[in-house]
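J.:
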Amino acid sequence: DNLQDFAVGANGRDNGKGYIYVFYGSDIPYSDLPTPTPTEIPSTPLRITALSPSPGSTIDDAPTSVMAQFNRAVDPDTVNSNTFKLTRSGGDGVFGNGNDVLVTPSSISVTGQVAATLNLAGIELPADTYRVSILGGGTPSALSFDGVNDYVDLPNDLIHASTVLTLEARFKTTSTGVIFGYQDHHYSELNGDFVPCIFVGTDGKLQAVFWDEDHVDGPRPVMGIQSSQTVNDGEWHHVALVGNNTSQKAYLDGELIGERQASILHWDMIYNQIGIGQTRFWGQVNGGWFPFNGLIDEVRLWNVARSQQAIQEDMNLTLSGEESNLVAYWNFDEGEGQVVGDLSPNAHHGELGSTSGEDANDPTWSDGTGSSLGVTDLYGMSLDGEFEGSFPSGDGTPGGHFIAQFVIDPNDPPTAPTVHITPEEPNTLDDLIATVSGSVDPDGGELSYAFEWFRDGESQNETAFGSEESSVVSHDRTTRGEVWKCLVTVQDDEGQSVTGEDEVTIQNSLPTQPEIKTLPPNPMPGDGIAVLITKQSTDADGDVIVYLFEWYRLNSDGFWERRPEVSGNLSPFSPGEPEISGLYTAGEMWEVRVTPYEARTLVKRSGQKGVGGAVSGPSATDRWVVLPNLNGDRILDIHDLLLLVEMWHEEHGSSDEKEMAPKGSAPFEGVPTARDLILVSPLGWQGESED
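For the sequence shown, this note's numbering begins at 1478 and goes up steadily by one.
1. Kindly indicate the opening and closing residues of the beta strand (DSSP E) around H1714.
2. Where do the ends of the alpha helix (DSSP H) carrying V1693 lie?
3. Shortest alpha-carbon distance to V1708 belongs to which of T1651, A1881, L1620?
4. For P1998, which option in I2006, E1992, I1536 has the closest C-alpha, if you only look at C-alpha atoms?
5. Return the CA-CA distance between V1641 and N1722, expressed in angstroms with no decimal places.
6. With C-beta atoms as the reference, is V1625 less than 8 Å away from A1593?
7. Please classify P1890: does DSSP put it in a helix, a strand, or coil?
8. Starting from the Cα of V1981, find the closest Cα among Q1990, D2004, M2001, T1955 and give me that residue.
9. Return the CA-CA distance between Y2024 and K2012, expressed in angstroms with no decimal places.
10. In this structure, how does DSSP classify D1791 when only helix, strand and coil are distinguished?
11. Quick one, which of Q1660, V1852, D1810 has its alpha-carbon nearest H1878's?
12. Return the first residue and the last residue of the beta strand (DSSP E) that R2039 is part of.
13. Is it buried or exposed, E1945, if we count other Cβ atoms within 10 angstroms and call 16 or more buried?
14. Locate the beta strand (DSSP E) running through R1737, then write down its first and last residues.
15. Among all the DSSP beta bridges, which residues are the ones paired with E2027?
16. I'd like to confirm the pairing. Which residues does DSSP put opposite R1697 in its beta bridges?
17. Using alpha carbons as the reference points, say which of L1718, I1741, D1745 lies closest to G1735.
18. Identify whether T1581 lies in helix, strand or coil by the three-state DSSP scheme.
19. For a minimum of 3 consecutive residues, which ranges assigned as the beta strand (DSSP E) are wholly contained in the region 1872-1956?
20. Can you tell me which residues form a DSSP beta bridge with S2093?
21. Hey, would you say S1583 sits closer than 8 Å to G1599, going by beta carbons?
22. Classify V1917: buried if its beta carbon has 16 or more other beta carbons within 10 angstroms, exposed otherwise.
23. Relative to the alpha-carbon of R1524, which residue among I1880, A1941, A1787, N1793 has its alpha-carbon at the smallest distance?
24. Please tell me whether V1655 and F1767 are closer than 8 Å, where the distance is taken between their beta carbons.
25. So does the region 1923-1936 actually touch the region 1959-1970, counting three or more Cβ pairs closer than 8 Å?
26. Would you identify the three-state DSSP class for D1554, choosing helix, strand or coil?
27. Kindly indicate the opening and closing residues of the beta strand (DSSP E) around A1805.
28. Sorted by chain position, which residues of the same chain lie with C-beta nearer than 7 Å to Q1750's C-beta, five sequence neighbours on each side aside?
29. Give every residue of the same chain whose Cβ lies closer than 8 Å to the Cβ of I1536, excluding the five residues on either side of it in the sequence, and list them in chain order.
30. Count Cβ pairs between the region 1676-1691 and the region 1726-1745 that sit closer than 8 Å; are there 3 or more?
31. Within 10 angstroms of its Cβ, does Q1660 collect 16 or more other Cβ (buried), or is it exposed?
32. Closest by CA to S1621, which one among P1840, T2078, V2102, G1876?
33. G1570: which of Y1607, L1644, T1581 sits nearest, CA to CA?
34. Straight-line CA distance for G1669 to A1646?
35. Excluding the five sequence neighbours on either side, which residues of its own chain have a C-beta within less than 6 Å of the C-beta of V1672, listed in chain order?
36. Using the C-alpha atoms, what's the distance from S1936 back to W2067?
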C-alpha cells in the first residue's frame, strides 16, 4: 500500500554479459520468497562465426550439407525453411532476375545449439552459383493503419504504367480493409473508375485483382481472386498479385489461390495509395472507401510477372533495393517522419496522410512489430547477420541478414591425349620416341605428363609428372620381336587425369650395306673377274649373313640385263675362271651386285637359283668396262684406238669424219688426234666418258 521508489546500481561486466535483476512487490516477507535464478543476457549479439562451404569459394563437388556456426546458442525454433535458405542462380550467376531456384534440403537441424545445418544428402546440386541466406530478423518497424482514414500517398502512374507487373505486401490484421488501391482520381476527389487492388473483406478472406476486360460488363458485385481461408487471424501474411497482360494470379503466403484469364485494363487509373481504396460495386466490403485496420509492411512493385518460386524465395526476406526489375520498394523501417522511402533506385517515395505535415490521415510507425522473420538467440535477441566477407558477421547491432555465396564448378578432367610412338615399325637400330598431343584442360589449367614404358607387358620405368611432352627409349634396350608400349598419364593442376597409350613391335634389323670392288679394276677380254668385299655387312640382331652375287650386262637398249647363268652364286668368282671370261667381249659394260641376306631366312626353291622370301639388306654395286685390246699385245695404246676407228668405218660403211664426231663436238680437221679417237671410243658410245 505504500510502495516507495527505489533504485539499484551495478558496476562492471562479467565475461561480456549483462544481468537482469528481478524485483518482487508482495505482502509476503522477502525471506519467504523463492530465490530467483539470475538470467544472464549477453551484451554482444548473436553472430555467425563460420560457414561451410566457405563464402566466396569455388568447389568441385556438391556439398552434402551447408553448416553455419554461431558464437553462442541459437533458438532452434527460429531456424527453419523460412530463415535458413539455399538458392542457386539458375545458371547465370545472377540473383533476383527470376531465374533463381530454391534448393529444398532433406532436413534442417541445429547441433549443440551453436551450429545450424541444411542437410543436402541425396539432393542434386548442379554446377551453379549458390546463395546462403540466414535471416537476421530484428525489430524493424511497420505502419499501423487505424481503419478510419489512414493511408500512404504514392507517386502517380505506378500500377497504370504496365500490364506486366507484380505487387507484393505483408500484412497483419484482425479486421478488414484495403491494403492497396488505385483509381482515376485522387483519394480526396470523386472517383469514376477504381480498383481495391488487394483487400481483406468483411468475411475475413483475402481478395486481389487488377481491373480487366471481364469486369467491364461482368456481374455485380465485382469479385477479385479470393482466398479460401480467412486471413484476419492476427498473424503476418504475405500476398502477391501477378499480372501478365492477359492473365493474373494471386498468391497467399507463397501458395497460388486463384487466377483469371482476361486482358488487364488499367484505363486512366493513375492514382494509387496504400491503406485505403474505393469498393463501390464490390463484394464483401463496406461499399465505399474501405480503410485498412492493421499493420502493413514490405510493399514491393515489380515490372515483371514473377514466378511462384521467385516469390517464395524472398517473401520473408528484406531486399537490398538493387534487385532487377524492382520498380519500388517500401519496407517502412524509417520508424519516424512523414516520408516513406523507396529503396529502389527509382525514388518513388511515399508520404504519410494527406499533407506533408502530420494530420489525421497519417498511419503511425509501429516500432518493433515489423514482419521480418529471423534467427534469434535463446533470449530472443536477433542475429546480427550483415556479412562483408570476414567473420564474425554483423555490425554490432541485432538485426540484419547474413548473405554469402559459393560456386560449385566441377573440375573437368583433361581431354584424352593422343600418344604416338615413332618409328611406327622400329627395328633394333631405332630409338623409340613417344610423343603426346591433343590433350587440353577445359578449365584452362596447366597440364603435366608422366610416361611409363612396358616391355612385353612388364613396366620398365615411370617418369614423374612434368612439362615434357615426349619420352625416349634407346635402341640398346630393344630386341627383335618385343612389344613396347608407352602409357602416358595427363594430369591437370587439380590432380584429375586421363591416360593414352600406343605400342609397337620391334622389327628385324636389316643387314648393313657391304662395300665391294672388282678385280682387276680394268679387265680385258679373257680376264677372270673377282669380287672383293672390303667391308663386311653387319646385322644388329646377330643373324648370320650370306651374300648373293648377281651379274648384269648393259645391253644395246640401255638396260641392265641379268645373266642368270652366273648369278645367284654365293661365292665370288676367282681370276681365270673361264665361265665368266667367256661371257664378255671388249667394249661391254658390266655390273656386279652383292646383296647381304640373313641366313635364317633363306628358302630354297627347286629349279631356281637365288633366294625367295628372304630378308636382305641394301646391295653394293660395282661397274666396269671391258677394255679393247685389239692388237693382242694386252697393252691399251694408240694402236688399239686406230684399229677401233677402222672397225667403226667397217661397221658403218662410211669414212665421213663428220659422222664420227660425237654430238656437240667439232668434226675432225685433217688426221685425227689421240684425243679425237678416245672421244669416239666405246667409252663415249656408252655414255661413261667420266670413267
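Yeah, the Cβ is synthetic: ideal placement off N, Cα and C, and Gly gets one too.
T.: Here's the rundown:
1. 1714-1721
2. 1690-1693
3. T1651
4. For P1998, the nearest C-alpha among the options comes from I2006.
5. 6 Å
6. no
7. P1890 falls in the coil class under three-state DSSP.
8. Distance check between V1981 and each of Q1990, D2004, M2001, T1955 places T1955 closest, using alpha-carbon atoms only.
9. 13 Å
10. helix
11. With distances taken between Cα atoms, H1878 lies closest to V1852.
12. 2037-2039
13. exposed
14. 1732-1738
15. R2070
16. Residue pairing of R1697 in beta bridges, as defined by DSSP: absent, with no partner found.
17. L1718
18. coil
19. 1879-1885, 1895-1899, 1909-1914, 1925-1932, 1935-1939, 1947-1950, all fully within the region 1872-1956.
20. According to DSSP, S2093 bridges with Y2074.
21. yes
22. exposed
23. I1880
24. yes
25. yes
26. helix
27. Start and end: 1803-1807.
28. Y1628, V1629, D1630, L1631, G1658, Y1664
29. P1530, F1883, V1884, I1885, D1886.
30. Taking a cut-off of 8 Å on C-beta distances, the region 1676-1691 touches the region 1726-1745, as three or more cross pairs fall below it.
31. buried
32. P1840
33. Residue Y1607 holds the alpha-carbon nearest to the alpha-carbon of G1570 among Y1607, L1644, T1581.
34. 26 Å
35. Y1659, W1688
36. 55 Å
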